[in-house]
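Inspection log for the structure reproduced underneath, given as structure tokens.
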Amino acid sequence: MGGVMLPWRWYIYGYFPHRFYACISSPSALTCTHKIKNVFILNAFFASVLQLATIKSESRLKHLLQRLPSYCPESMNELWMCINSTLPGVSRKSDGWVGLGCCELAISAECRRECRQVRNCSNNSLYSCIAKNEMGSTCCSYAGRHTTCREYCQAIFRTDSTPTVSQINAVKEYCQSHSAQLLSCVSNFTKSYPIRSPIDSLYCCDRAEATHCQVACRRILRTMSTEHEIMEGLIDECGSQPLPQEPMWQCFLGSAYPPSPPEEETPHPGKMDCAKLHCCSKANTSLCRDMCQEISTNWGSQTWQDFDQLCEYNPVEAELINCLADVREPCQLGCKDLTYCTNFNNRPTELFRSCNVQSDQGAMNDIKLWSNGTIKMPFMNIPVLDIRKCLPDMWKAVACSLQIKPCHSKFRGSVICKSDCVDILTQCGDRKRFHEGQTPERICELLSPIDDPERCIPLHRYLTPSSLSNNIVEEVIHPCNPNPCPSNHLCQVNRKGCLDELNCQPYLCVPGCKLGEASEFLVQQDARIQVPTRTGPAGCYEVCSCGPSGRLENCVEMPCVDIDKPCLIGGQRKSHGTSFRIDCRTCSCFAGATICSTRKCLGITSSDEDQQHFTGLPCNCPDRFIPVCASNGRTYPSACVARCLGFKDLEFVFGQCHHSNPCANKPCQRNQRCFPKYRVCLSDSSECPQYECVGRPGACDKNSVEPACDSDGLVHPSLCHLQQAGKTLAYMGHCQDACRKPQQVCGHNGETYNTVCDAFSDRVAVDYEGSCHAVGAVSDVSPDSACSLISCPPLSTPGCHPVTPPGACCPICASMLQILWNKEQMNTFSKLNKNRPVTVHDVLRILRLHVSVPQCDVFGYLSIDHELVVLIAPVDQQPTPLQIEACSKEAEKIDSLINYASPTLVSQVPLSAFLTSEIKTSSIHSTGGAPTSPLTPGLYLLLGVLIAAAPSLFQL
């Protein structure tokens, strides 16, 4: 590696090779100072080296070494080359070490070529990967000629996941008699995991005296790709040199691991992992619950090794382990571009946790380790025959499954099926070396106790390549898998479109916040997050905001929930969080209260005459459509239904909500303009205004892309630009030719819209053409006589087995979630957010972010029986079977996250109020002719993908 620049990021993140300590602390390093041109940096460097030469304290030495790179940006190639040339033995670095998967993390082909020559590129993942391998090279070199020890050591550094206890134990077993230095080096690495990100220094921006400098600082840290760019950008924007007496620069240059800010400035949370902390209450044993709390709140603790051994493979802790797996590696659709586990490629509608090049190489490394004749587990060793000869394809499928981690939507664990486990150990287990009492059946009972193909990984699926061709696979794309964004940004599907089509990407990179300093789980900036309190008992939470500093802030405590209080149902006790059915109603127990949907049930003992009069509507109201608009902004089919749901006569008026003009009474101030903003509120602790008062800004944000179409059919970059032009808003999104002339359609929510574009701007899918004049059935057993006169369009895909949303008349080829939610929780969230109402749009906006396939989109409404109905539907005019399957998988994924209360979903307010979900999916049974209707549900959805949701509608 001689003559190659070492990025200073390696050092500031704590990777300090011992040989660098020895080199830089010697006076010979002073010979490098002639390479420095900046006087300030020169003085700082000179003073630092003089101190380094005399310091004996290791901690003080490390502190100064952390300061040194702050004065020496990585672009100063000559300086670093000079320092590197003094390092002993640099020319003896093993060739090809960096090539172990790191170079493939580079985005451009040129960067990958440069990486293979051991040069650096501006890619965060690449930097951290090279840094890890640099340390691995140092650690594993202590193995000397002991090949097995070196291989087990290298296994620790060759993947991007947290080292497992089995890997660490293998290093201890094979290396303890050879090198204490190696064990110490590996131990230092495992304690330092995960690698710090530059975003952790965002709080330094708050110490700048000038407001414009604070704003510029945050923008620079989030957008600049190298530390040199960051330093230069700060100097240009803030108009000052990096003087240590200035608070902001003192914060940046003082230490790579800065001390905690004063108590009043401490962002929440500290060195915690709030995402994992969410999972701890799911533990079935007090031991694993306590360990989970420890590893989630005490960063750097080694308790996770005991947790891995005692809880990770404990069958009774499956719910806890799956929750933690969701936090570490959420399930995502699609797998491709693997070079070893090639049978996992071309699977765009299957869910995987870890489909990436590191896991691909991890599987190859596992096979190499297993070829030694022993599979090492945290609590047992499994002796095997030569797997290179005994069922090699099966063993490869096992290794790839455990690394790539397919996850079924119904059971999110990554465990191979018991029958496969028994079969492979029966044929390839080395019975002569089995411990007394060990049998394939007993081993597999501990490792893979499940044999339900819906809840485990059947290996036969991955013994052969996917049957899909490349052309078919391209029908479903995954812009965010693999993730193209920086480590401190979230990747989102771009559903807004672009004003500059030449530079339009199918994804967006948006700033995010970690759920704690020790967490790698990100949430979007401005999101409101529910996290467990630091010291309170289980059931105590607070709501925080993801602020511009990149951390959770402005936390407000919520009333604690008594999760130990059960519900008594028919003499049976139901624990908190349990879902069940009472007759046809979906119910859930929440802190001792039984919360159910308001579906009307038809008793099984009812006479035929009763069935003839049964409508399925709440309170068995007649199915006549005489709409009323209630105070929550929802149109109900009749006053009877509104009264049944608790609205008093003064709380509703006759007519559809969207037919009123909320700005008629001029509710805004003179210097503001009133815009109708129709919404359906889920909270009733505050008012539910149907308008928005917008000021008249002097200038609009040119970087904001939220297209808005005016009544003349002209598109504007944003609502602000439309207002400046003095135009009237028609709908949010790009203008569509099909919506130039009014053509009324009826939405699933019972509202009549002037065009399909109006409906989709409201995130509502279309039921049928024309104005709304009928209400459909809510229950599956109720008659549909009210819809008998409705002319439904043909299905978008022939042979589709459709779903019919509750209250709708026409079936649709989509997947549907019916979500039961807690109104009291919604009211609490509203009160904590300055009495701002929680709306259906708030829910749909967040759920939309969890759909990773652009060929599918999210629509929804509040049903007549007050469940949230969410549709995940294909957007193409004539969706293919693969696209319909992808939308079904996306729906199954979200349904599972709700029902298992996964923190990846329900930590986000207001989704935290979700109790349980029921799912119905569409599937293709046969093929037929093309649809003949010029305006099918598929066309409605095709237009919908081009319509951008207004930020004012979708922000909480």
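Residue numbers for the sequence shown follow the UniProt record's numbering, so the first one is 1 and each next one is one higher.
Even glycine gets a Cβ: it sits at the ideal position worked out from N, Cα and C.
Query raised in the report: Rounded to a whole number of angstroms, what is the C-alpha to C-alpha distance between T535 and E436?
Result: So the alpha carbons of these two residues sit roughly 46 Å apart.
Query - Cβ-Cβ distance between residue 959 and G633 below 8 Å - result: Here the chain has residues from 1 to 956 only, and residue 959 is not among them.
**Report entry** Secondary structure of P315, DSSP reduced to three states
**Finding:** The answer is helix: DSSP assigns P315 an H, G or I state.
Query raised in the report: With 16 other CB atoms within 10 Å as the buried threshold, where does S469 fall?
Result: Here S469 is exposed: its Cβ has fewer than 16 other Cβ atoms, across all protein chains shown, within 10 Å.
Report task. State the CB to CB distance for the pair S414 and L459, rounded to an integer number of angstroms; the pair is presumed to be in contact (CB under 8 Å). Result -> About 12 Å separates the Cβ atoms of S414 and L459, ruling out a contact at the 8 Å cut-off.
Query raised in the report: Among F379, K368, K376, N381, which residue has its Cα nearest to the Cα of I387?
Result: That would be K368, whose Cα lies nearest to the Cα of I387.
**Report entry** Every unbroken alpha helix (DSSP H) within the segment 785–842, with a cutoff of 4 residues, ordered by chain
**Finding:** The segment 785–842 contains these whole alpha helix (DSSP H) runs: 823–832.
Report task. Spatial neighbours of A591 within its chain, please: CB distance less than 8 Å, with the 5 preceding and 5 following residues excluded, ordered by chain position. Result -> Correct list, in chain order: G539, V561, D562, I563, K565, H576.
**Report entry** Residue from N899, I872, P879, Q877 whose Cα sits closest to the Cα of C887
**Finding:** Ranked by Cα distance from C887, the options N899, I872, P879, Q877 are led by I872.
Report task. Can you tell me which of the three DSSP states R599 falls into? Result -> Note: R599 maps to coil in three-state DSSP.
Query raised in the report: Between S796, S419, I295, V843, which lies nearest to S922 when the distance is taken from Cα to Cα?
Result: Taking only the C-alpha atoms, the option nearest S922 is S796.
Requested in this report: Indicate the three-state DSSP secondary structure (helix, strand or coil) for C421 in the structure shown.
Outcome: DSSP, read as helix, strand or coil, puts C421 in helix.
**Report entry** F859 - partner residues in DSSP beta bridges
**Finding:** Bridge partners of F859 according to DSSP: L871.
Query raised in the report: What span of residues does the alpha helix (DSSP H) with L722 cover, start to end?
Result: For L722, the enclosing alpha helix (DSSP H) stretches over residues 719–724.
Query raised in the report: Is there contact here, the segment 164–182 with the segment 302–314, by at least three beta-carbon pairs under 8 Å?
Result: Yes, the segment 164–182 touches the segment 302–314.
Requested in this report: Determine the DSSP secondary structure at V510, reduced to helix, strand or coil.
Outcome: Taken through DSSP and simplified to helix, strand or coil, V510 comes out as strand.
Requested in this report: Return the residue from the list C335, T148, V756, K666 that minimises the CA-CA distance to residue 1011.
Outcome: The requested residue 1011 does not occur in the structure, where the chain is confined to residues 1 to 956.
**Report entry** Rounded C-alpha distance that separates A22 from S286
**Finding:** Annotation note: pLDDT 34 at A22 (below 50); position unreliable, no value reported.
Query - Coarse secondary structure for K376, derived from DSSP in three states - result: Note: K376 maps to strand in three-state DSSP.
Query - Ranges of the alpha helix (DSSP H) found wholly within the segment 607–653, counting only runs of at least 4 - result: List check, alpha helix (DSSP H) in window: 608–613, 639–644.
Query raised in the report: What do you get for K741, buried or exposed, if any count of 16 or more other CB atoms within 10 angstroms of its CB means buried?
Result: Looking at its Cβ environment, which holds fewer than 16 other Cβ atoms inside 10 Å, K741 is exposed.
Query raised in the report: Closest to E769 by CA distance: which of Y753, A275, F434, N671 is it?
Result: Answer by Cα proximity: Y753.
Query raised in the report: Is there contact between the segment 518–536 and the segment 907–919, where contact requires at least three CB pairs shorter than 8 Å?
Result: A contact exists between the segment 518–536 and the segment 907–919.
Query raised in the report: Whole-angstrom Cβ separation of Q524 and C546, contact assumed at under 8 Å?
Result: Approximately 6 Å separates the beta-carbon atoms of Q524 and C546; this is inside 8 Å, confirming the contact.
Requested in this report: Report the partner residues of M732 according to the DSSP bridge assignment.
Outcome: Answer is A708, bridged to M732.
Requested in this report: Please look up how many angstroms separate the CB atoms of R679 and C688, rounded, as I've assumed it's under 8 Å.
Outcome: With a Cβ gap of about 7 Å, R679 and C688 count as contacting.
Report task. Quick one: using the 10 Å Cβ neighbour count with 16 as the cut-off for buried, is V653 buried or exposed? Result -> Residue burial annotation: V653 is exposed, with fewer than 16 other C-beta atoms found within 10 angstroms of its C-beta.
Query - Candidates C491, I424, V756, E474: closest to P482 by CA position - result: Taking each of C491, I424, V756, E474 in turn and checking the Cα distance to P482, the smallest one comes out for C491.
Requested in this report: Using beta-carbon positions only, say whether C428 and V384 come within less than 8 Å of one another.
Outcome: With respect to V384, C428 sits close: the two C-beta atoms are nearer than 8 Å.
Query - Sequence-distant residues of its chain with Cβ nearer than 6 Å to D895 (five each side left out) - result: These residues qualify, in order along the chain: L817, S917, I919.
Query raised in the report: Assuming A730 contacts S711 under a Cβ cut-off of 8 Å, what Cβ separation, rounded to an integer in Å, is found between them?
Result: Separation of the CB atoms of A730 and S711 is rounded to 5 Å, and the pair is thereby assigned contact status at 8 Å.
Requested in this report: Please work out which residues of its chain come closer than 6 Å, Cβ to Cβ, to C504, disregarding the five sequence neighbours upstream and downstream, and give them in chain order.
Outcome: Result list for C504: C498, in chain order.
Query raised in the report: Apart from the five residues on each side of it in sequence, which residues of its chain come closer than 6 Å, Cβ to Cβ, to residue 960?
Result: Residue 960 lies beyond the stretch modelled for the chain, which goes from 1 to 956, so this question has no answer here.
Report task. Give me the Cα-Cα distance between P794 and L849, rounded to the nearest whole angstrom. Result -> If you take the alpha carbons of P794 and L849, they lie about 30 Å apart.
Query raised in the report: With 16 as the cutoff for other CB atoms within 10 Å, does L202 come out buried or exposed?
Result: Buried, by the Cβ-count rule.
Report task. Specify whether the segment 623–631 and the segment 817–830 touch according to this definition: at least 3 beta carbon pairs, one from each stretch, less than 8 Å apart. Result -> By the criterion of at least three beta-carbon pairs nearer than 8 Å, the segment 623–631 is not in contact with the segment 817–830.
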